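Start counting the sequence shown at 7; every next residue gets the next number (my numbering).
All remarks here apply to the structure that follows.
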Amino acid sequence: MNQKNYFIIGASGGIGQAIVKQLMEMSANNKSRGKIFATYHANQPNFAADNLYWLPMDVSNEKSIEQAIADIKQQAPHIDWVINCVGLLHTPHNQPEKALRQLETDFFLQSMQINALASLLIAKHIKPLLAKAERSTNAPAIFATISARVGSIGDNQLGGWYSYRMSKAALNMGMKNLSIEWTRSLKDVCVVVMQPGTVDTQLSSPFQGNVADEKLFSPAYSAERLIEVLDSMTAAQSGSFVDWAGESIPW
Ligand SMILES: NC(=O)c1ccc[n+]([C@@H]2O[C@H](COP(=O)([O-])OP(=O)(O)OC[C@H]3O[C@@H](n4cnc5c(N)ncnc54)[C@H](OP(=O)(O)O)[C@@H]3O)[C@@H](O)[C@H]2O)c1
């Protein structure tokens with residue numbers, strides 16, 4: 007990869023941070039390296055590089071998304087890869103629902119806003135910068151969102167987790183729709199939703215009890231696999247739902 011500019015949203019989280027570190031490592035030996043724009047929410051992570059630009063962004067606020075992208079525009083003529091790593095499964099007040107009686111309107115709507123709507127708003131505002139990326143059918147620009155296997159309707163065997171499952175399913179539909187729209191209006195961009203594996207982060211930590219050690223990935227391992235998969239994507243694969251190994255997941 008050379009001179010690609012990256013936009014990593016949610017880079018203060020476990021997977022997002024690992025993706026940024028992996029991209030930094032990949033670019034360290036590359037003299038003509040591109041820029042990495044990385045967003046944080048509550049706190050700015052304390053690592054740096056001369057091609058890494060931290061930006062604050064609250065994905066539940068469209069103005070904040072617009073502002074971050076306006077700041078990028080001042081510093082880069084194009085963005086080649088976008089990876090949205092923001093996600094919400096639980097808060098200090100809400101755990102994922104085990105049964106319908108636990109469903110709460112505010113938490114459901116918050117999950118929809120953060121997990122589903124945000125990627126559409128980011129796509130809406132980043133489109134002009136993606137349009138300027140140098141790209142081809144075999145080396146498309148990338149618009150990826152970390153989704154989750156539990157957002158698959160076809161794969162749902164266990165039930166529960168209404169807010170998270172429904173918001174990831176809505177995200178998946180939004181990204182599929184976007185892939186179709188961009189086939190017409192923004193060619194050679196691969197829109198993809200991804201399952202990162204079960205990854206050891208604060209998001210998954212309350213739910214790791216039944217996960218075998220070898221199935222619990224480090225953020226660094228997941229990041230490496232996800233980047234590898236994205237690097238192999240062609241424009242024809244736009245509209246895919248794939249896991250960390252590049253395997254398709256049923257919608
Ligand atoms: N870990 C897993 O096993 C697993 C499995 C399947 C899918 N995923 C998905 O992978 C993605 C990354 O998750 P992770 O495991 O890395 O979780 P994480 O460590 O909790 O990271 C989530 C990130 O989302 C950010 N965020 C939350 N609300 C936000 C908002 N309103 N605006 C901007 N940023 C916001 C958080 O920032 P603050 O902390 O500052 O709010 C944090 O940086 C998520 O989409 C998740 O659903 C994870």
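We put the beta carbon where it would ideally sit given N, CA and C, even for glycine.
Only a predicted model underlies this, so the values are computations on that prediction, with no experimental measurement involved.
C-beta contact flag for A147 and D77 at 7 angstroms: no
Please check if any C-beta of chain D sits within less than 7 angstroms of the C-beta of I71. The question asks about chain D, but that chain is absent: this structure has only one protein chain.
Three-state secondary structure assigned by DSSP to W167: coil
Euclidean distance between Cα positions of Q116 and S211: 20 angstroms
Measure the CB-CB distance between H84 and A150 and report whether it falls below 7 angstroms. no
Is the beta carbon of G22 closer than 7 angstroms to that of I14? yes
Within 7 angstroms, strictly: CB atoms of R141 and D194: yes
Across the segment 57-71 and the segment 122-136, are there enough close Cβ pairs to call them in contact, namely three or more that are closer than 8 angstroms? yes
Should N52 be labelled buried (16 or more other beta-carbon atoms within 10 Å of its own) or exposed? exposed
Is the number of C-beta pairs between the segment 22-36 and the segment 212-232 that are closer than 8 angstroms three or more? yes
As assigned by DSSP and simplified to three states, the class of I75: helix
Same chain, Cβ closer than 8 angstroms to H96, five either side skipped, listed in chain order: P102, L209, P212
Check whether the Cβ atoms of G245 and S185 sit closer than 7 angstroms, and answer yes or no. yes
In angstroms with no decimal places, state the Cα-to-Cα distance between Y59 and A105. 42 angstroms
Using CA atoms only, rank isn't needed, just tell me which of I255, N35, G166 is closest to P202. I255
Using a Cβ-based criterion (distance less than 6 angstroms to any ligand heavy atom), does Q208 qualify as near ligand 1? yes
Kindly indicate which three-state DSSP category Q50 falls into: helix, strand or coil? coil
Please name the residue, chosen from V235, A218, R171, T240, that lies closest to T204 on a Cα-to-Cα basis. A218
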